[in-house]
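Visitor: Please read through the structure below; I'll follow up with questions.
There are 2 protein chains.
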Amino acid sequence: MSIVRKISESAVHRLSLYLRILEDLESEQRETVSSEEMSGRSATTAAQVRKDLSLFGSFGKRGWGYDVADLAGRLRKILGLDRQWRVALVGAGRIGSALVEYGGFGERGYDVVAIFDSDASKVGEKWGGLRVRDIGEFEEVASEQSVEIVILAIPVEAVPSVMEHVDRAGVRGILNFAPTKLKVPEGVAVKDVNMVMELEALSFALSQEDGER
Amino acid sequence: MSIVRKISESAVHRLSLYLRILEDLESEQRETVSSEEMSGRSATTAAQVRKDLSLFGSFGKRGWGYDVADLAGRLRKILGLDRQWRVALVGAGRIGSALVEYGGFGERGYDVVAIFDSDASKVGEKWGGLRVRDIGEFEEVASEQSVEIVILAIPVEAVPSVMEHVDRAGVRGILNFAPTKLKVPEGVAVKDVNMVMELEALSFALSQEDGER
DNA sequence: GCCGCCTTGTGAAAATCTTCACAATATTAG
DNA sequence: CTAATATTGTGAAGATTTTCACAAGGCGGC
Ligand SMILES: NC(=O)c1ccc[n+]([C@@H]2O[C@H](COP(=O)([O-])OP(=O)(O)OC[C@H]3O[C@@H](n4cnc5c(N)ncnc54)[C@H](O)[C@@H]3O)[C@@H](O)[C@H]2O)c1
Ligand SMILES: NC(=O)c1ccc[n+]([C@@H]2O[C@H](COP(=O)([O-])OP(=O)(O)OC[C@H]3O[C@@H](n4cnc5c(N)ncnc54)[C@H](O)[C@@H]3O)[C@@H](O)[C@H]2O)c1
Chain A
376 MSIVRKISES AVHRLSLYLR ILEDLESEQR ETVSSEEMSG RSATTAAQVR KDLSLFGSFG
436 KRGWGYDVAD LAGRLRKILG LDRQWRVALV GAGRIGSALV EYGGFGERGY DVVAIFDSDA
496 SKVGEKWGGL RVRDIGEFEE VASEQSVEIV ILAIPVEAVP SVMEHVDRAG VRGILNFAPT
556 KLKVPEGVAV KDVNMVMELE ALSFALSQED GER
Chain B
376 MSIVRKISES AVHRLSLYLR ILEDLESEQR ETVSSEEMSG RSATTAAQVR KDLSLFGSFG
436 KRGWGYDVAD LAGRLRKILG LDRQWRVALV GAGRIGSALV EYGGFGERGY DVVAIFDSDA
496 SKVGEKWGGL RVRDIGEFEE VASEQSVEIV ILAIPVEAVP SVMEHVDRAG VRGILNFAPT
556 KLKVPEGVAV KDVNMVMELE ALSFALSQED GER
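Those protein sequence lines, which keep their order, are chains A and B. Going letter by letter, the first sequence gives residues 376 to 588 in the numbering used here. Going letter by letter, the second sequence gives residues 376 to 588 in the numbering used here.
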């Protein structure tokens with residue numbers, strides 16, 4: 376039955392945004408919200424909000440708006456936040472440590488269940504209840520722990536060798552911080568986080584302004 | 376003279392990608408490259424590569440391709456990387472420290488020239504040659520140091536008060552890590568880095584797969 | 001100098017995404 | 001019950017982005 380609609384990258388992005396807005400509204404004890412108000416708190420239009428939501432169903436009541444708690448629940452379900460995701464961190468470096476210490480992921484159902492590194496001086500360290508393991512143990516531990524998502528926070532040079540482990544372990548999704556295009560088997564989802572690119576987009580925008588004057 | 380073309384977000388993103396590819400090619404001692412090969416190393420098509428570049432001029436030679444070093448130089452110029460940018464970090468926490476210790480920004484011309492925090496136990500610490508300063512000094516120091524870009528790595532709650540300082544100091548661009556929509560004066564560019572959203576896009580993709588089976 | 005080959009640059013077509021505009025309908029007041 | 005009001009859900013229009021397809025050059029070989 377399920378119709379395969381292709382939801383655009385940007386639409387998914389906006390859904391995350393809407394969820395954050397709804398959570399703010401929940402903490403303000405608001406019961407309902409209109410597409411108009413949602414658009415005011417994001418950077419979109421009311422029509423966009425309604426179109427985005429209508430891709431998944433009709434969640435509002437005409438003349439009344441959306442029930443805040445109900446819509447938040449539906450978005451959580453749509454985004455896959457109605458369950459726990461078992462996550463492994465590979466790369467116990469600067470970014471890795473910032474991520475593991477950050478509580479925001481656990482809150483949303485992403486449980487870091489294993490940490491890997493190749494540096495003998497890091498392997499064995501205790502990081503918030505978890506022991507840093509050698510990358511050589513990846514396949515065994517990842518399958519034992521049913522890891523589905525990997526956060527890759529390693530240098531570019533280490534990517535090829537680490538990806539061999541990751542591929543063999545049957546991981547389904549990768550959040551990649553290394554500034555390189557990953558080669559992954561069919562069916563594995565990858566999202567890149569590239570802060571340098573964001574800075575470049577910023578300096579591009581500023582340079583354009585300068586050029587126009 | 377300069378025609379004001381609106382370059383899409385995604386096109387700028389791809390330009391950054393192309394630059395990274397060209398830098399790889401440079402380190403492989405390659406002299407020339409075709410749009411075909413560039414597309415193979417990114418996730419686009421050859422036509423897209425050529426269209427993107429043609430927004431800014433015609434940099435190639437028919438039947439021959441692009442000169443790797445020349446094109447890299449032109450992209451650097453387009454992205455505003457042909458100069459130094461003076462950057463201030465606000466928030467000497469986990470993310471802030473990972474960023475400051477990371478060399479990749481300096482390499483690309485982003486110089487962190489000041490670091491601010493509000494925590495008395497952090498103010499005064501030495502971070503790679505810089506003293507962490509109190510956020511109260513922001514306006515004075517930022518204008519003295521000609522800061523143009525701010526990296527905001529503070530908790531959401533601290534955003535409103537910090538933004539007052541930032542707005543008054545006449546900063547032109549902000550790289551924001553706090554998961555909230557910044558309100559900025561006209562003309563200030565903002566780019567958000569939101570890792571939770573990327574993870575949500577990942578779990579969305581994985582959930583969709585599950586649903587389709 | 002001419003031919004054949006290769007690859008760019010770019011209009012035009014196709015696809016995708018966003019905005020518009022309004023009928024449908026729930027709610028509330030009288 | 002009717003009217004007035006609010007706001008959704010959604011086709012259709014409009015805008016933007018991507019892909020197609022090919023003429024226009026440049027280069028090497030003969
Ligand atoms: N730190 C930042 O602010 C920043 C910013 C942008 C991008 N990045 C990127 O993020 C990635 C991580 O950066 P970082 O600053 O955390 O680096 P880091 O050097 O602090 O940490 C990398 C970790 O990976 C480990 N590692 C190396 N090879 C490995 C292997 N084969 N298997 C397992 N672990 C291995 C290292 O031992 C180290 O602990 C890099 O690709 C970097 O380019 C970082
Ligand atoms: N750490 C992560 O992995 C991660 C992931 C996603 C998003 N974020 C976001 O990035 C931001 C920073 O995260 P973090 O983990 O580095 O937090 P952190 O708590 O480690 O650091 C925040 C720093 O900001 C400082 N600060 C607080 N109020 C301030 C003020 N008014 N003026 C100046 N400095 C002030 C604190 O003293 C602290 O040093 C947060 O908004 C967080 O939600 C972090």
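Heads up, the beta-carbon is just placed ideally off N, CA and C, and yes, glycines get one too.
Given this structure, state the Cα-to-Cα distance separating Ser409(B) from Asp399(B), to the nearest angstrom.
Guide: Near 14 Å, if we compare the C-alpha coordinates of Asp399(B) and Ser409(B).
Visitor: Roughly how many angstroms lie between the CA atoms of Gly438(B) and Lys556(A), to the nearest whole one?
Guide: Computed Cα separation, rounded: 28 Å.
Visitor: From what residue to what residue does the alpha helix (DSSP H) around Phe480(B) run?
Guide: Gly479 to Glu482 is the span of the alpha helix (DSSP H), which, as asked, contains Phe480(B).
Visitor: With 8 Å set as the bound, which would you pick, yes or no: does the beta-carbon of Glu523(B) sit closer than that to a beta-carbon of chain A?
Guide: For Glu523(B), the answer is yes, since a Cβ of chain A falls inside 8 Å of its Cβ.
Visitor: Tell me which residues share the same chain as Arg405(B) and place their Cβ nearer than 8 Å to its Cβ, disregarding the 5 neighbours each side in the sequence.
Guide: Taken in chain order, the residues that qualify are Val443.
Visitor: For a contact defined as C-beta to C-beta under 9 Å, what are the partners of Tyr393(B) on chain A?
Guide: Correct list: empty, because the minimum Cβ distance to chain A is about 11 Å.
Visitor: What does DSSP give as the partner residues of Val565(B) in its beta bridges?
Guide: DSSP, once it has assigned bridges, lists Ile549(B) as partnering Val565(B).
Visitor: Step through the CB atoms of chain A and report whether any lies within less than 8 Å of the CB of Glu532(B).
Guide: No, because no Cβ of chain A sits closer than 8 Å to the Cβ of Glu532(B).
Visitor: Quick one: which residues of the segment 441-466 of chain B get their C-beta closer than 8 Å to a C-beta of chain A? List them in chain order.
Guide: Under the 8 Å Cβ criterion, the segment 441-466 of chain B contributes Ile453, Leu454, Gly455, Leu456 and Trp460.
Visitor: Can you list the residues of chain B that Ser582(A) reaches, using a CB-CB cut of under 7 Å?
Guide: Those are Gly455, listed as they occur along chain B.
Visitor: When you compare the CB positions of Ser391(B) and Glu575(A), do they come within less than 8 Å of one another, or not?
Guide: In this structure, Glu575(A) lies closer than 8 Å to Ser391(B) by Cβ.
Visitor: I want to verify the contact list: residues of chain B whose CB lies under 7 Å from the CB of Met413(A), in sequence order.
Guide: Those do not exist, as Met413(A) stays about 12 Å from chain B at its closest Cβ, beyond 7 Å.
Visitor: Less than 6 Å between C-beta atoms, sequence neighbours within five positions excluded: which residues of the same chain meet that for Ala564(B)?
Guide: Same-chain partners within the cutoff: Gly548.
Visitor: Please identify the residue among Asp567(B), Phe552(B) and Val571(B) whose C-alpha is closest to the C-alpha of Ala473(B).
Guide: For the residues Asp567(B), Phe552(B) and Val571(B), the minimum Cα distance to Ala473(B) belongs to Phe552(B).
Visitor: Distance cutoff 8 Å, beta carbons only. Does Glu575(B) sit that close to anything in chain A?
Guide: So, interface residue.
Visitor: Is Leu574(A) near ligand 2, in the sense that its beta carbon is under 7 Å from a heavy atom of that ligand?
Guide: Answer for Leu574(A): no, Cβ out of range of ligand 2.
Visitor: Mind checking which residues open and close the alpha helix (DSSP H) that includes Ala528(A)?
Guide: Here Ala528(A) belongs to no alpha helix (DSSP H), and DSSP marks it neither H nor E.
Visitor: Taking 8 Å as the CB-CB limit, is Met376(A) close to chain B?
Guide: A caution first: Met376(A) carries a pLDDT of 39, below 50, which makes its placement in the model too unreliable to give a value.
Visitor: Alpha carbon to alpha carbon, what distance is there between Ser493(B) and Gly466(B)?
Guide: Gly466(B) and Ser493(B): Cα-Cα distance of roughly 8 Å.
Visitor: Indicate, with yes or no, if ligand 2 has a heavy atom lying under 7 Å from the CB of Asp567(A).
Guide: Incorrect: Asp567(A) has no Cβ contact closer than 7 Å to ligand 2.
Visitor: How would you label Leu430(A), buried or exposed, when you count the other beta carbons within 10 angstroms and need 16 or more for buried?
Guide: Exposed is the call here.
Visitor: Assuming Ala544(A) and Glu514(A) form a contact by the criterion Cβ under 8 Å, report the distance between their Cβ atoms to the nearest whole angstrom.
Guide: About 5 Å separates the two Cβ atoms, so the contact holds.
Visitor: Indicate whether Tyr485(B) and Arg469(A) have their beta-carbon atoms separated by less than 8 Å.
Guide: Going by C-beta atoms, Tyr485(B) is not nearer than 8 Å to Arg469(A).
Visitor: If you draw a straight line from the alpha carbon of Leu464(B) to that of Gly471(B), how long is it in whole angstroms?
Guide: So the two alpha carbons sit approximately 7 Å from each other.
Visitor: Can the beta-carbon of Lys566(A) be found closer than 8 Å to that of Leu577(B)?
Guide: Their beta carbons are under 8 Å apart, which means Lys566(A) touches Leu577(B) by this criterion.
Visitor: Considering Cα atoms alone, identify which of Tyr393(B), Ser518(B) and Phe579(B) is closest to Gly415(B).
Guide: Ranking the options by Cα distance to Gly415(B), first place goes to Tyr393(B).
Visitor: Strictly by DSSP, which residues pair up with Ile490(A)?
Guide: According to DSSP, Ile490(A) bridges with Leu464(A) and Val507(A).
Visitor: Got a sec, what are the start and stop residues for the beta strand (DSSP E) Asp442(A) sits in?
Guide: Taken as a continuous stretch (DSSP letters only), the beta strand (DSSP E) holding Asp442(A) covers Gly440 to Asp442.
Visitor: DSSP three-state label for Lys436(B), please.
Guide: Looking at Lys436(B) - three-state DSSP - the assignment turns out to be strand.
Visitor: Quick one: Cα of Gly440(B) to Cα of Ala386(B), how far?
Guide: Computed Cα separation, rounded: 20 Å.
Visitor: With 16 other CB atoms within 10 Å as the buried threshold, where does Gly435(B) fall?
Guide: Per the 10 Å Cβ criterion, buried.
Visitor: Do you know how far the Cα of Ala447(A) is from the Cα of Phe480(B)?
Guide: C-alpha separation (whole angstroms): 37 Å.
Visitor: In angstroms, rounded to a whole number, what distance separates the CA positions of Lys452(A) and Asp445(A)?
Guide: Computed Cα separation, rounded: 11 Å.
Visitor: For Leu505(A) and Gly499(A), I'd like the C-alpha separation in whole angstroms.
Guide: Roughly 9 Å between the two C-alpha positions.
Visitor: Taking 8 Å as the threshold (beta carbon to beta carbon), is Ser578(B) in contact with chain A?
Guide: Answer yes: the Cβ-Cβ gap between Ser578(B) and chain A drops below 8 Å somewhere.
Visitor: Compute every distance between the C-beta of Val465(A) and the non-hydrogen atoms of ligand 2, then say whether any falls below 7 Å.
Guide: Not under cutoff, so the answer is no.
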